[in-house]
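Be aware that the sequence shown starts at 1, since it is given in UniProt numbering, and climbs by one per residue. Comments concern the structure below.
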Amino acid sequence: MTVQNFPTDQEAVRQALHDRAICIIIPTYNNVGTIDCVVRKALDYCGDVYVVDDGSDDGTSEALAAIDGIRLVAYRRNRGKGYALKQGFRQALSDGFAYAITMDADGQHLAKDIPAFLEANKKWPGTLILGRRNISGADRPPGSSFANKFSNFWFFVETLHALPDTQTGFRLYPLKKLYGYRMLTSRYEAELELLVFASWHGIKIHAIPIDVYYPPREERVSHFRPVVDFLRITILNTVLCCLAVVYGLPLWVFRKVATLFRTVLSATFFSIMMFVFITPWVWLYVKCGGMTEKKKWHLHMLIYRVARLITLRIGVPGARLSYQIDKNVDFNRPSILICNHQSHFDLIYLLSLTPKVIFLTNNWVWHNPFYGFLIRHAEYYPVTEGIEELLPRFRSLVERGYNIAIFPEGTRSRDGKIGVFHKGAFFVAEQLGIDIVPMFLYGTGRVLKKKTYHMEKSPVYVEVNRPYTQEELKKIGDVRLQTKRFRKLYIRHFREISDRMEQDV
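The following block contains the structure:
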């Protein structure tokens, strides 16, 4: 048996599936003996279950009519599993769902594995998840093992990607990325088509272990027609091999070129802006007449305007920006701004919010040959100097009307999750007697991941929450307790943001 370490609280799973816009689709044809049990067990974990009755005539329709809480899609004539899936996908998309878990109606797939698909969706949002069947000791139908190996082989030939179980029907589909699903063939082979088209369009496919149940031979219901369906699959694979050359390969080349173009364009634009325009101008501006408070303000306005030009006017290549700022936020009132840290791009988005902000930086930023000169003269300080040593400078900045921005994690997250918070930001706020303003960033770590040098496409979301006054912070407790409380707040709210944003990644 497969060992699962996923949450089993069914109500929590139901809520999480709903929050992430995940439904379940169960196509059925003449499964009167199993359909009631399969659907009711699925309803234990998910409140949004679609059942597609593919023209059943054995009493399945009557059995479904007795089940409350399902969304039934039915038609009179049997059209095949591919057609049933298309109808289910179409209805789920129409109802606003972003993902669909598909299960077979014969009882082969176990509802207890649904939480595993949920966790996989959180780990790999926007991807297609396959349930890799654990068949050790199972009494499989004759020819099943050969058919699966045969299908796996052709999938590799058509996509140059290897998968362990291309015939499993227990899957999670990203509905908004199912390219060409309306053109699917109507029968059994449609599930292979879905995988091939997903791979051609760059949708990543992951496999997770699941258990499987094969009923006794005398209880099995199979609609597979060996001669006819094998012939259909052979013809389909012949067509897909041809399409792989004239369609799949060009798509792959286009994606690689597009990724390279986004990366080179961003690097070129940044280099030209810094080397040709900003750094020489700032150097001349600072050297002529010395540094004054007015010149420092002009540097901050320059940084602010360039940041807004890049994020709001031109746009970071591949990033789709949206943001929300609480009505109680006033950047003219000095505060400690805290934010989760995901990417090198975090800074540019936060700098576009207000010119009245300074950041703590790492040493490599402070000494950076591209923009270190600008950073130093704009009074951004390296965190290595120590929080207590920097307090007098912070106090001076606050008195001059500046906000101080600090990443409590201290470093970029490798996987996008909220890391351990340090106490520095809360200590500074306490010492200076100013508010804490929580800010949240989603998506920058997907556009440019840590330890990578190429840019991907992703939505980017910036949220600025209401300020927390010193009176509110003191009610929480000392600086240590404040740090723990805010990390919990960040974990919870970042999950809420992720649930919403990952419906469109």
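Note that beta-carbon positions come from the ideal geometry of N, C-alpha and C, so glycine has one too. This one's a predicted model, so the numbers in the text were calculated from it and none came from an experiment.
Chain-order list of residues whose beta-carbon lies under 6 angstroms from that of Leu240 (same chain, five-residue window excluded) | Counting from one through the sequence shown, the residue named residue 240 turns up at place 240. Glu158, Val196, listed in sequence order.
Where Met1 sits in the DSSP three-state scheme = For this step, residue 1 is matched to residue 1 along the sequence shown. Note that Met1 scores 38 on pLDDT, short of 50, meaning its location in the model is unreliable and no value can be drawn from it.
Return the bridge partner residues of Met439 from the DSSP annotation.
-> Along the sequence shown, read from residue 1 onward, the residue named residue 439 stands at position 439. Paired residues: Cys339, Val464.
Are Ile491 and Ala425 close, meaning C-beta to C-beta below 7 angstroms?
-> What you label residue 491 is simply residue 491 of the sequence shown in a count that begins at 1. What you label residue 425 is simply residue 425 of the sequence shown in a count that begins at 1. No, they are not a contact pair.
Determine the extent of the alpha helix (DSSP H) in which Asp19 is found, giving its start and end residues.
-> Numbered from its first residue, the sequence shown carries residue 19 at position 19. Note, Asp19: alpha helix (DSSP H), 10 to 19.
Nearest-angstrom beta carbon gap, Ile434 and Val398 [assumed within contact, 8 angstroms] = The residue labelled residue 398 in the question sits at position 398 within the sequence shown. The residue labelled residue 434 in the question sits at position 434 within the sequence shown. Yes, Val398 and Ile434 are in contact; Cβ-Cβ is about 6 angstroms, under 8 angstroms.
Close-in-space but distant-in-sequence residues of the same chain around His422 (CB under 6 angstroms, 5 per side omitted) = For the purposes of this step, residue 422 is taken as the residue at position 422 of the sequence shown. Same-chain partners within the cutoff: Pro408, Gly410.
Spatially closest choice to Leu360 from Thr354, Phe394, Val276, Leu441, by CA coordinates | Taking the first residue of the sequence shown as 1, we reach residue 360 at position 360. Taking only the C-alpha atoms, the option nearest Leu360 is Phe394.
Distance, Cα to Cα, Ile205 vs Ser151?
-> If you number the sequence shown from 1, residue 205 lands on position 205. If you number the sequence shown from 1, residue 151 lands on position 151. Cα-Cα distance, rounded: 16 angstroms.
Flag this pair as touching only if the region 119 to 138 and the region 82 to 97 have three or more C-beta atom pairs under 8 angstroms; answer yes or no.
-> no
If you check the beta carbons only, do Ile336 and Val428 fall under 7 angstroms apart?
-> Along the sequence shown, one-based indexing puts residue 336 at 336. Along the sequence shown, one-based indexing puts residue 428 at 428. Yes, the Cβ-Cβ distance between Ile336 and Val428 is below 7 angstroms.
Identify which residue in Ile101, His109, Leu110, Gln108 has its Cα closest to the Cα of Ala120.
-> As a first step, residue 120 is located in the sequence shown; it is residue number 120 there, counting from the start. Nearest C-alpha to Ala120: Ile101.
Would you mind working out which of Ile25, Gly82, Ala198, His341 sits nearest Leu448, comparing C-alpha positions?
-> Counting from one through the sequence shown, the residue named residue 448 turns up at place 448. Comparing Cα-Cα distances from Leu448 to each of Ile25, Gly82, Ala198, His341, the minimum goes to His341.
Return helix, strand or coil for Asn406, following the three-state DSSP convention.
-> For the purposes of this step, residue 406 is identified with residue 406 of the sequence shown, where counting begins at 1. In the sequence as displayed, the identity of residue 406 is Ile instead of Asn. It is a strand residue.
Kindly give me the distance between the Cβ atoms of Ser458 and Ala244, rounded to whole angstroms, as I take these residues to be in contact under 8 angstroms.
-> Here residue 458 corresponds to residue number 458 of the sequence shown, with the count starting at 1. Here residue 244 corresponds to residue number 244 of the sequence shown, with the count starting at 1. Their Cβ separation, rounded to whole angstroms, is 27 angstroms, which puts Ser458 and Ala244 out of contact at 8 angstroms.
Inspect the beta-carbon positions of Arg414 and Lys450 and report whether they are closer than 7 angstroms.
-> Position 414 of the sequence shown, counting from 1, holds the residue named residue 414. Position 450 of the sequence shown, counting from 1, holds the residue named residue 450. Contact flag set, yes.
If you draw a straight line from the C-alpha of Thr185 to the C-alpha of Tyr323, how long is it?
-> Stepping through the sequence shown from its first residue, residue 185 is reached at position 185. Stepping through the sequence shown from its first residue, residue 323 is reached at position 323. Their backbone Cα atoms lie some 42 angstroms apart in a straight line.
Limits of the beta strand (DSSP E) - the one that Cys23 falls within = Locating residue 23 in the sequence shown gives position 23, where the first residue counts as 1. Residues 22 to 28.
C-alpha distance - Leu350 paired with Thr238, whole-angstrom precision | As a first step, residue 350 is located in the sequence shown; it is residue number 350 there, counting from the start. As a first step, residue 238 is located in the sequence shown; it is residue number 238 there, counting from the start. Their backbone Cα atoms lie some 52 angstroms apart in a straight line.
Give me the Cα-Cα distance between Pro467 and Val437, rounded to the nearest whole angstrom.
-> Counted from its first residue, the sequence shown places residue 467 at position 467. Counted from its first residue, the sequence shown places residue 437 at position 437. Cα-Cα distance, rounded: 4 angstroms.
Between the region 7 to 22 and the region 38 to 57, are three or more C-beta pairs nearer than 8 angstroms?
-> yes
Starting from Gly372 and walking both ways along the alpha helix (DSSP H), at which residues does that stretch end?
-> Translated into positions along the sequence shown, residue 372 becomes position 372. Segment 372 to 377, the alpha helix (DSSP H) holding Gly372.
With DSSP run on the structure shown, which of helix, strand or coil describes Thr444?
-> Within the sequence shown, the letter at position 444 stands for residue 444. Residue state, collapsed to three classes: helix.
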